[in-house]
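Have a look at the structure below before the remarks.
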Amino acid sequence: MSNLVSVETSDGVRTIRWNRPEKKNALLREMYTAAAEAIESGEAEKSVRVFVLGGQPGLFTAGNDLVDFMEAPPHIGSGDMPPVERFMRALMGAKKPVIAEVDGLAIGIGTTLLMHCDLAYASENAAFKTPFADLALAPEFASSLLFPTRLGRAAASDLLMLGSVWNAARALEAGLITGIFPSARLANDVREKALALAAKSPGAVRKAKELMMTPDEPLDARMAREGGIFAEMLQSPEFSEAVTAFMERRAPDFSKFG
Ligand code: COA
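In my numbering, the protein residues as written are 1144 to 1401.
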């Protein structure tokens, strides 16, 4: 495991932090590999319910290390599976929820990856930027599809063509992030959200994510898909626990479910 990425797991929350502050958390191949391993192994561990992806106070990431880019240019989708692709595929494919915690700079892939997280919280110090046109590079990891679809074409062009710097308020308004917390409280407040999510029915959280990630389909088809899952879940031990807890006037305990 690289010491440039810290991984800690407690109370169902696995927190992965970029840890290369002297280089503004610019991401090296070994950092992507370490983060990919942390997600991949966490997906297989019952005790891990939620991932948090962050940096240090005042710094998320300055994006891919530009020297590393020159030394080992990754070819995404070529079948080589460079570390950055392994990491992004682990993130995109995670069945468990991922929460991004952004304080300070979120450049390049630091902003791109937010589209692949379930929730993203930023501090008022956050700055989002995808300077691909300045670097003579193209958008990455489906951001040319996801940004226009989710943020709108005009906002996507502002990021992907102009490379404008967005502050947290702009990012919130555009729907790039879920919420803003004061910088001094960001890690604590994000942890509270993560703990809240970790205490919910893991099956229900997984299904909600799976459904939201299912490609577009006609409304009738989606209703039927949800209906089938809903009916199945009405028979589940997790639902029994929820109803029993309601009858017993206590909080449900989903800790034994995986
Ligand atoms: N790749 C490699 N090294 C990077 C880096 C990156 N993406 N971002 C920062 N660094 C390094 C700097 O080279 C510098 O190293 P040094 O101390 O050995 O000279 C160190 O991190 C500190 O960066 P510096 O530029 O001095 O800090 P700053 O506060 O003035 O500026 C940034 C910070 C992030 C705005 C600026 O470094 C920058 O624009 N970085 C490039 C961002 C980028 O284009 N990312 C790629 C997106 S695809």
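We put the beta carbon where it would ideally sit given N, CA and C, even for glycine. Bear in mind that the values here come from a model prediction, so they are computed numbers and not experimental data.
query, result
"At least three beta-carbon pairs within less than 8 Å, the segment 1176 to 1191 to the segment 1199 to 1212", "no"
"Rounded distance between the beta-carbons of E1267 and S1184, thought under 8 Å", "Not a contact, Cβ separation roughly 34 Å."
"Enclosing beta strand (DSSP E) for G1322 [first to last residue]", "G1322 to F1324"
"Simplified DSSP state of T1273, which is helix, strand or coil", "coil"
"Contacts around I1372, its chain only, beta-carbon distance under 6 Å, and the 5 residues preceding and following it disregarded", "K1350"
"Reduced DSSP category for N1168 - H, G, I as helix; E, B as strand; rest coil", "coil"
"Sufficient close CB pairs (3 or more, under 8 Å) joining the segment 1357 to 1369 to the segment 1275 to 1282", "no"
"Straight-line Cα distance separating L1248 from A1311", "11 Å"
"V1210: CB within 7 Å of a non-hydrogen atom of the ligand COA", "yes"
"Selected residue, minimal CA-CA separation from K1352, among D1261, R1313 and E1335", "D1261"
"Residues that DSSP places opposite S1427 in a beta bridge", "Look at the range of the chain in this structure, 1144 to 1401, and you will see that residue 1427 is not part of it."
"Contact test: L1280 Cβ vs the ligand ZN heavy atom, cutoff 7 Å", "As presented, the structure is devoid of the ligand ZN, carrying the ligand COA as its sole ligands."
"Cβ neighbours of E1186 in the same chain (closer than 7 Å, five flanking residues each side left out)", "A1237, K1238 and K1239"
"Supposed contact pair V1193 and A1337 - C-beta distance, whole angstroms, cut 8 Å", "5 Å"
"Cβ pair A1269, A1243 closer than 8 Å", "no"
"N1207: CB within 7 Å of a non-hydrogen atom of the ligand COA", "yes"
"Coil, strand or helix - G1370 by DSSP", "helix"
"Neighbour-count burial assignment, I1219, 16 or more Cβ in a 10 Å radius", "exposed"
"Sheet register partners of N1207 (DSSP bridge)", "L1170"
"First through last residue of the beta strand (DSSP E) which encompasses T1152", "V1148 to S1153"
"Candidates A1317, T1292, S1286 and M1174: closest to L1303 by CA position", "S1286"
"Among K1167, A1215, R1365 and G1222, the one whose alpha carbon lies nearest that of I1250", "K1167"
"Per-residue DSSP class, three states only, for A1299", "helix"
"Own chain partners of K1189 with C-beta closer than 8 Å, once the 5 adjacent residues on each side are dropped", "G1401"
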